[in-house]
Every structure is written in C-alpha cells, then in structure tokens.
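Chemist: If you scroll down you'll find the structure; I have some questions about it.
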Amino acid sequence: MQTLLLVAPLEKLDSPVAQYLQRGEVDGAIFLQLHKDSLIKLLAKQNLPLVVNGTPHTSNPFSYVDSDNAGGAFAAVRHLVEKGRKTIAMITGDLDNTAAEQRLDGYLAACQELGLPKVKGLVAEGDWSREAGIQHAQNLMQKHPDLDAIFCSNDVMALGAIAAILEAGKSVPEDIAVIGFDDSYLAQNSHPGLTSVRQDIVGLGMEAANMILALVHGDEVHSEILPCELVIRETA
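Numbering-wise, my numbering puts 305 at position 131 of the sequence shown, and it's gapless, one number per residue.
Here it is, written out as structure tokens:
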C-alpha cells in the first residue's frame, strides 16, 4: 500500500486534488481541518472510505476523530475561576470551523455552569492569527477595565494577547491571566510559559490511520473523541 500526502485546499469541487480523488485512484482518504463538507459528501456517494480529522459540519455518517474541544475549553475556564478570575473573555477561532465552535460552546457552558456574571462583549471572533490576538485583546481591555482573564482558541492568538497586555503596561498573570489551546511548540517554549489545553496530536493521527485502514479492509469503525489536558504554566 502506498501513502500519498496532499497539502492543498479542498473547498472547490473542481480543484485538481478534488478531481484526483473523484477519479477513484485512491483506496481511501483522511481529511484535515475541513471548513465545508461538500467534497466528502460527494466522495461518500462514491463509496470511497473516508476519515475526517475534526468533527464534520453535517450529521452525515462520516467517520471522524476529534479532540474534546468543548471539554478542553470548559477545563480552561474552570481553572481560571478556581484562581479567582471573574471577568473572563474569549477570543475564538474562525467560527466556520467546528473546532472553534466547540471551544466556544465549552467556554459558554462553563461560564453558565460556574456562575460567572453575564457580561456583553466578552467574546471576540478571531482568525487564529497573532494579529487577531493583539487586536482583540486591546479592544477587550478598553471595553472591560475589570478584565482579568482571556481564553484563546489557539496558542498563536494567546501569545498575541499577551503581547498586547504587556504593551498596555499590565502584567501576566497578575493583572490578566491568559490560556491558549493546542499546547503547541510555541506554548512549550514561550516566556512566560503559556498555560494551554493540550490536544493528543499523535493519538489523533494514529486513530485516523487505524480507522482508514480498517475501512479500506471493509471493517466497521466508530468515530472517536480524544480527551484534552490542561497544561498549567506561568500565564494562568
């Protein structure tokens, strides 16, 4: 069996990679970070074995593996509340992405369940970039002088938020605590050390590979959600 890695956008059904997959020249496919389900719907009709890394947008019976994004976000907010934080903002990722949606759901569920006061304007939609973290952190600090924590949907935005906080003359975590998501290389090597929600990246890849091999051989598989872990460092 040969393994082919294609790194290309797959949003358009007439893209070269999409057409290649539709010609039936592969035995199965693993998709990463889909923003739309149109291509996998089409391929599923052709009975091509498929595994999606990330929860699909639709309720179609695609096999997928994902992190417990909502649970990870809930754990982050719970940690902040346990540390005495009361005005906790969130900078989300692009909300046409299911991971961003699920992390927002976890944040909102934690705020409600843990009894945080309802404050308008504490959620800002970002785009996963450092610039979004900087801009939204600046806006949140201006609009909410009592802001004492920011949860970001990835580590890149979290580091941008920290830069904005320090530029404003505030300290992290004494004035404003910050938590990211992914526990990426950036989080592990930042100064101060970034508290972050760790995804089991290796586990996700292994599970996706095992699932596609099983499907190719005609076996039944079930979608899997892998737990996240809050890694506590200096920023929260």
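A virtual CB, placed ideally from N, CA and C, is assigned to each residue, including glycine.
#1: Check L368 in the structure and name its three-state DSSP category.
#2: For V239, which option in L288, A383, I262 and V405 has the closest C-alpha, if you only look at C-alpha atoms?
#3: With a threshold of 16 other CB atoms inside 10 Å of the CB of E275, please say whether the residue is buried or exposed.
#4: Could you compute how far the alpha carbon of I386 sits from the alpha carbon of W302?
#5: Which two residues bound the contiguous beta strand (DSSP E) that contains V297?
#6: Which whole runs of the beta strand (DSSP E) in the segment 232 to 272 are 3 residues long or more, in chain order?
#7: If I follow the unbroken alpha helix (DSSP H) through I336, where does it start and stop?
#8: Report the rounded CA-to-CA distance for H396 versus L389, giving the unit in angstroms.
#9: Give the straight-line distance between the Cα atoms of F134 and G377, rounded to the nearest whole angstrom.
#10: Would the C-beta of I399 count as close to the ligand NAP, meaning under 7 angstroms from any of its heavy atoms?
#11: Could you give the distance in angstroms between the alpha-carbon of L314 and the alpha-carbon of G379?
#12: Hey, S368 and A332 are a contact pair by Cβ (cut 8 angstroms); roughly how many whole angstroms apart?
#13: Do you know whose CA, among C326, T229 and D201, lies nearest Q220's CA?
#14: Please say whether A250 and I324 have beta carbons closer to each other than 8 angstroms?
#15: Could you check if I353 is buried or exposed, using at least 16 other CB atoms within 10 Å of its CB as the buried criterion?
#16: In terms of alpha-carbon separation, which member of L224, Q373 and I308 lies closest to A342?
#17: Would you mind working out which of G289, T261 and G228 sits nearest K317, comparing C-alpha positions?
#18: Could you tell me if P230 is buried or exposed, where buried requires 16 or more neighbouring beta carbons within 10 angstroms of its beta carbon?
#19: Beta carbon of G246, beta carbon of V371: below 8 angstroms?
Modeler: Once the coordinates are examined:
#1: coil
#2: Looking only at L288, A383, I262 and V405, the smallest Cα-Cα distance to V239 is reached by A383.
#3: Classification of E275: buried, given that the 10 Å Cβ count is 16 or more.
#4: Rounded to the nearest whole angstrom, the C-alpha separation of I386 and W302 is 29 angstroms.
#5: V297 to E299
#6: 237 to 241 and 262 to 266
#7: D329 to E341
#8: Cα atoms of H396 and L389: separation of roughly 10 angstroms, rounded to the nearest angstrom.
#9: No information on residue 134 is available, as it lies outside the stretch 175 to 410 that the chain covers here.
#10: Here there are no bound small molecules, and the ligand NAP is not part of this structure.
#11: About 36 angstroms.
#12: The displayed chain sequence assigns Leu, not Ser, to residue 368. Right, their Cβ atoms sit about 6 angstroms apart.
#13: D201
#14: no
#15: buried
#16: I308
#17: The alpha carbon of K317 has as its nearest neighbour, out of G289, T261 and G228, the alpha carbon of T261.
#18: buried
#19: yes
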